[in-house]
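Below: the structure, in structure tokens.
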Amino acid sequence: MASVRLIISGKVHGVFYRASVQEYAERLGVAGHVRNLPDGTVEVVAHGDREKVERFIEFCRDNPGVSSVSDLNVEWFRQTRGAPEGFRIID
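According to our numbering, the sequence shown holds residues -11 to 79 in order.
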């Protein structure tokens, strides 16, 4: 199981970025969440098979929808509790 936290900068608020990310995560079978942060960035936490998580990161980087990603910070971590099921948008 691979776990990653992403911080995405750019035009990512108000452009359905979170919905695009959620839809792709569900298709891949990646669990976790996505949420807007007060500073204008988006946080994504994802868990799953390493290969699927790496494909998911590439999707997040490649500007899904009408968004425009200017920077993507990747932080791998070790999940100490059971990974969540499903992928959700946190408001």
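Built from N, CA and C at the ideal position, the CB exists for glycine as well. A quick note: this is a predicted structure, and the numbers were derived from the prediction, not measured.
Residue i to residue j span [Cα, whole Å]
i	j	result
Asp79	Met(-11)	26 Å
Gln67	Gly74	16 Å
Ile38	Gly53	A quick correction: the sequence has Arg, not Ile, at residue 38. Distance between the alpha carbons of Arg38 and Gly53 is about 24 Å.
Gly(-2)	Asp50	12 Å
Residue environment, residue i, which counts as buried when at least 16 other CB atoms sit within 10 Å
i	result
Phe44	buried
Collapsed DSSP secondary structure at residue i in the structure displayed
i	result
Val62	strand
Phe75	strand
Ser8	helix
Leu(-6)	strand
Cβ neighbours of residue i in the same chain (closer than 6 Å, five flanking residues each side left out)
i	result
Ile77	Arg6, Gln10 and Val22
Same chain, Cβ closer than 7 Å to residue i, five either side skipped, listed in chain order
i	result
Ala13	Gly20, Ala34, Phe44 and Phe75
Val62	Val(-8), Leu(-6) and Ile45
Cβ distance (whole Å) where residue i is taken to contact residue j below 8 Å
i	j	result
Lys40	Leu16	5 Å
Val3	Val57	The Cβ separation is near 11 Å, so there is no contact.
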